[in-house]
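> All residue numbers for the sequence shown refer to full-length UniProt numbering, where the first residue is 1 and numbers rise by one.
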Amino acid sequence: MTTEILNNIQVMDINDHKEETEESVVPFERQIIDAVIEIWKEDPSTETLGFSKLHGLVKSRHKNWALSEKRMRTLLKKYGLLVNNPDQQYTYASEIRSQETPDMELPDKIKVLQTSKKGKGLYAKKNVKKGEFLWEEKPLFYVPALANMTLIKNGKACSYCGKLLTQGTRGSSGVSYLRGLDCDVCSEIWCSKECKNTDSKLHALLKHNIYNPSKSNTRKNINANAYLALQDYCLKEQWNALYAITRIYADIVSDKSGVKQKQFSAMARISQETRYKALDSSAGSFDNFQGGALFVQEQQESLWKEGFSLFSNVFPISVDDGKINYEEFMYMLGTYNINNLDSIIFLLQSHLNHNCEPSTTVKLSSNRTEGLKVYAARDIKAGEELTTSYVNPSHTVQQRQRELRVNWGFRCACEKCKNELKEQHRRKSSSSQKSNSEKDSIREMLSNTKAELGDTEITLDDPKNPSKERRKSVRFDEKVIAVSK
1 MTTEILNNIQ
11 VMDINDHKEE
21 TEESVVPFER
31 QIIDAVIEIW
41 KEDPSTETLG
51 FSKLHGLVKS
61 RHKNWALSEK
71 RMRTLLKKYG
81 LLVNNPDQQY
91 TYASEIRSQE
101 TPDMELPDKI
111 KVLQTSKKGK
121 GLYAKKNVKK
131 GEFLWEEKPL
141 FYVPALANMT
151 LIKNGKACSY
161 CGKLLTQGTR
171 GSSGVSYLRG
181 LDCDVCSEIW
191 CSKECKNTDS
201 KLHALLKHNI
211 YNPSKSNTRK
221 NINANAYLAL
231 QDYCLKEQWN
241 ALYAITRIYA
251 DIVSDKSGVK
261 QKQFSAMARI
271 SQETRYKALD
281 SSAGSFDNFQ
291 GGALFVQEQQ
301 ESLWKEGFSL
311 FSNVFPISVD
321 DGKINYEEFM
331 YMLGTYNINN
341 LDSIIFLLQS
351 HLNHNCEPST
361 TVKLSSNRTE
371 GLKVYAARDI
381 KAGEELTTSY
391 VNPSHTVQQR
401 QRELRVNWGF
411 RCACEKCKNE
421 LKEQHRRKSS
431 SSQKSNSEKD
441 SIREMLSNTK
451 AELGDTEITL
461 DDPKNPSKER
471 RKSVRFDEKV
481 IAVSK
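1) Hey, could you find the ends of the beta strand (DSSP E) V362 is sitting in?
2) From which residue to which residue does the beta strand (DSSP E) around K256 run?
3) Any contact of the stretch 372–386 with the stretch 351–361, i.e. 3+ C-beta pairs under 8 Å?
4) On the criterion of 16 or more Cβ atoms from any shown chain inside 10 Å, does H425 qualify as buried, or is it exposed?
5) Give me the residue from N337, Y227, V314 with the minimum Cα distance to R269.
6) Considering only residues of the same chain and omitting the five flanking positions on each side of A266, which have a CB-CB separation below 6 Å?
7) Mapping the DSSP letters down to three states, classify L294 as helix, strand or coil.
8) With H, G and I counted as helix, E and B as strand and the rest as coil, what does DSSP make of N240?
9) Look at the alpha carbon of G307 and the alpha carbon of E69, and state the distance between them as a whole number of angstroms.
10) What is the residue span of the beta strand (DSSP E) that T115 lies within?
11) Starting from Y326, trace the alpha helix (DSSP H) both ways and give me its first and last residue.
12) Within 10 Å of its beta-carbon, does P27 have 16 or more other beta-carbons around it, so buried, or fewer, so exposed?
13) In its own chain, which residues sit with a C-beta less than 6 Å from the C-beta of C39, not counting the 5 before and 5 after it?
14) For F289, does the three-state DSSP call read helix, strand or coil?
15) Taking C-alpha atoms, which residue in C414, S312, E273 lies nearest to Q299?
16) Could you check the C-alpha separation between L230 and F346 for me, to the nearest Å?
17) Is K77 buried or exposed, if buried means 16 or more other CB atoms sit within 10 Å of its CB?
18) In the DSSP assignment, find the alpha helix (DSSP H) that holds E385 and state where it starts and stops.
19) Among L242, D232, I252, which has the Cα closest to the Cα of N221?
20) Could you give the residue range of the alpha helix (DSSP H) that holds V397?
21) Please confirm whether S143 and A224 have their CB atoms less than 9 Å apart.
22) For L386, does the count of other Cβ atoms within 10 angstroms reach 16, so buried, or fall short, so exposed?
23) Can you tell me which of the three DSSP states C356 falls into?
24) Taking W135 as part of the beta strand (DSSP E), name the residues at either end of that continuous run.
25) Just how far apart, CA to CA, sit K153 and C161?
26) Which first and last residues belong to the beta strand (DSSP E) in which G119 is found?
27) Bridge partners of I189, per DSSP?
28) Sort out for me which residues DSSP pairs V128 with in a bridge.
29) Check this for me: beta carbons of D43 and V259, under 9 Å apart or not?
30) Comparing alpha-carbon positions, which option in V36, T388, W65 lies nearest F51?
31) Measure the alpha-carbon distance for L106 versus L348 and round it to whole angstroms.
32) Since I39 sits in a beta bridge, which residues does DSSP pair it with?
33) On the three-state DSSP scale, how would you describe R411?
34) Where does N64 land, buried or exposed, given buried means 16+ other C-beta within 10 angstroms?
35) Within this structure, are the beta carbons of K109 and K126 separated by less than 9 Å?
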């Protein structure tokens, strides 16, 4: 037995007692920015740190980086991430344009006003009590969830609202012919008569004229084969905005009254190219309108042009007539991105401006096709503006302002932001004073000790570990034995 054990003993030399020597490397710009933002995301309070402390945190995580404080400061300035220098950050709110909205019915308690500072906004015509119902509305443009598209194509979710179809809804055979809710041309199904009646016209235009290419003149406005190709592309690339504006423009083309075109054109408009400048200036790490993906400018332009090519194929007549060109395509992307709520465009709700302490509460129905209801979040005086929050009010003031600047083009100056910034400044100042006071106390103690002891040496005991926690790093200074099975 002893011989067997000895045969399985192996003596190894563990060399981690030798100091590791990593070569110094010069990090790329992207690596530095990512490192800073990672620190901020893990601990939002670090966003207000001074450069020296922030630089120290980065260096502590990347000890082999050859990174000076000056270079890091220069990069943060370049990408608009200087928290204490908002004037150097790119904004585009002044470039957003809007027009008076035609054919819009207003609730009795609400009026629309145009101001030079904020553009269009909603205001109370009379005093409103907290919790009071203000209005409800259905979507102007409803966009089915792109994430459900595979299920929709396979007849497992409603072709319009995206609701999952249970086995009972679809029948024991797995295919629904109940109540005439299935499409008689393709495999898609609706969950209710309301969804089918609402969607059937656009559904046929987008997906069926490949079967009946010359059935009517209207169908020539939309190339369904090209639409299906674009839909697959958007699903693959997860490009929701391209998918959404294609659905929206198809709805506009099918609207013979022309009202939807006028209403969409009257909304707050900005080119997606302009919005991208704010994303690029923030290193792209806090953006939400493209899944957080960051592309260098050349790659992004290539993506836009590919998207425009696919979009143009869907609407050949509009392109030939000059109604759609690359510039207008970019404006449609930008307009959708700053006006949508959960991928849906609402006519009246899109007039609400932002405040981190909003005066209204917007409640979306669990069934997205049913729209939303708006209530007063607090007492509102006559003449006061109605507001909503574009971002999560519980986020830090720096995170809120960054999201607002990148996605909507402005720096928020509401009372909540002002008060939180003042409080941060007060705490920082108090902390600095406390630190200076502690330093003065230490200096005084050392001075008094020297006066008492003169040149006598002081021996300090090695501090013990009262908590007896395991050390985070263990080094072996000699050989160890491993026993194999």
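Ideal Cβ positions, reconstructed from N, Cα and C, are used throughout, including at glycine. These figures come from a predicted structure and were not determined experimentally.
Looking at the atomic coordinates:
1) Counted from its first residue, the sequence shown places residue 362 at position 362. Per DSSP, V362 belongs to the beta strand (DSSP E) from 360–364.
2) The count along the sequence shown starts at 1 and reaches residue 256 at position 256. K256 -> no beta strand (DSSP E), and no H or E assigned at all.
3) Yes, the stretch 372–386 touches the stretch 351–361.
4) Looking up residue 425 in the sequence shown gives position 425. If you draw a 10 Å sphere on the C-beta of H425, you find fewer than 16 other C-beta atoms in it, and that means exposed.
5) Position 269 of the sequence shown holds residue 269. Cα-wise, what sits closest to R269 is N337.
6) Translated into positions along the sequence shown, residue 266 becomes position 266. Q99, T101.
7) What you label residue 294 is simply residue 294 of the sequence shown in a count that begins at 1. Summary for L294: the model assigns pLDDT 45, below 50, so the residue's position carries little reliability; its value from the coordinates is reported in the next sentence. Note: L294 maps to coil in three-state DSSP.
8) Translated into the one-based positions of the sequence shown, residue 240 becomes position 240. Of the three classes helix, strand and coil, the one that applies to N240 here is helix, per DSSP.
9) As a first step, residue 307 is located in the sequence shown; it is residue number 307 there, counting from the start. As a first step, residue 69 is located in the sequence shown; it is residue number 69 there, counting from the start. Distance between the alpha carbons of G307 and E69: 41 Å.
10) On the sequence shown, residue 115 is found 115 positions in, with the first residue counted as 1. If you look at T115, you'll find it in the beta strand (DSSP E) that goes 110–115.
11) The sequence position of residue 326 within the sequence shown is 326, counting from 1. Residues 326–339.
12) Taking the first residue of the sequence shown as 1, we reach residue 27 at position 27. It counts as buried.
13) Position 39 of the sequence shown holds residue 39. Before going further, note that residue 39 is Ile rather than Cys in the sequence given. The answer, listed in chain order, is T46, L57.
14) Along the sequence shown, one-based indexing puts residue 289 at 289. Because F289 carries a pLDDT of 41, less than 50, the predicted location of this residue cannot be relied on, and the following value inherits that uncertainty. Reduced to three states, the DSSP call for F289 is coil.
15) Here residue 299 refers to the residue found at position 299 of the sequence shown. Here the closest residue by C-alpha is E273.
16) The sequence position of residue 230 within the sequence shown is 230, counting from 1. The sequence position of residue 346 within the sequence shown is 346, counting from 1. Roughly 24 Å between the two C-alpha positions.
17) Taking the sequence shown and counting its residues from 1, one reaches residue 77 at position 77. Exposed, since its Cβ has fewer than 16 Cβ neighbours within 10 Å.
18) Taking the first residue of the sequence shown as position 1, residue 385 is located at position 385. Careful: E385 lies outside any alpha helix (DSSP H), inside the beta strand (DSSP E) at 385–388.
19) To locate residue 221, count along the sequence shown from 1; it is residue 221. Nearest of L242, D232, I252 to N221, Cα basis: I252.
20) Taking the first residue of the sequence shown as position 1, residue 397 is located at position 397. Unbroken alpha helix (DSSP H) run through V397: 397–408.
21) As a first step, residue 143 is located in the sequence shown; it is residue number 143 there, counting from the start. As a first step, residue 224 is located in the sequence shown; it is residue number 224 there, counting from the start. This sequence places Val at residue 143; Ser is not what is there. No, the Cβ-Cβ distance between V143 and A224 is not below 9 Å.
22) As a working note, residue 386 is residue 386 in the sequence shown. So L386 ends up on the buried side.
23) On the sequence shown, residue 356 is found 356 positions in, with the first residue counted as 1. Residue state, collapsed to three classes: coil.
24) By 1-based counting over the sequence shown, the position of residue 135 is 135. From DSSP, the beta strand (DSSP E) with W135 extends over 133–137.
25) Translated into the one-based positions of the sequence shown, residue 153 becomes position 153. Translated into the one-based positions of the sequence shown, residue 161 becomes position 161. Looking at the two C-alpha atoms, the distance is approximately 13 Å.
26) Against the sequence shown, residue 119 aligns to sequence position 119. Run containing G119: 119–124, per the beta strand (DSSP E) assignment.
27) Taking the first residue of the sequence shown as 1, we reach residue 189 at position 189. Answer by DSSP bridge pairing, in chain order: C158, D182.
28) Stepping through the sequence shown from its first residue, residue 128 is reached at position 128. Beta-bridge pairing links V128 to I380.
29) On the sequence shown, residue 43 is found 43 positions in, with the first residue counted as 1. On the sequence shown, residue 259 is found 259 positions in, with the first residue counted as 1. No. Outside cutoff.
30) Locating residue 51 in the sequence shown gives position 51, where the first residue counts as 1. Comparing Cα positions, the closest option is V36.
31) Position 106 of the sequence shown, counting from 1, holds the residue named residue 106. Position 348 of the sequence shown, counting from 1, holds the residue named residue 348. Rounded to the nearest angstrom, the two C-alpha atoms are 8 Å apart.
32) Reading the sequence shown from its first residue, position 39 is the one you call residue 39. I39 pairs with nothing; no bridge assigned.
33) Here residue 411 refers to the residue found at position 411 when the sequence shown is read from its first residue. DSSP places R411 in coil when its eight states are reduced to three.
34) Numbered from 1 along the sequence shown, position 64 holds the residue referred to as residue 64. So N64 ends up on the exposed side.
35) Along the sequence shown, read from residue 1 onward, the residue named residue 109 stands at position 109. Along the sequence shown, read from residue 1 onward, the residue named residue 126 stands at position 126. Cβ atoms of K109 and K126: closer than 9 Å.
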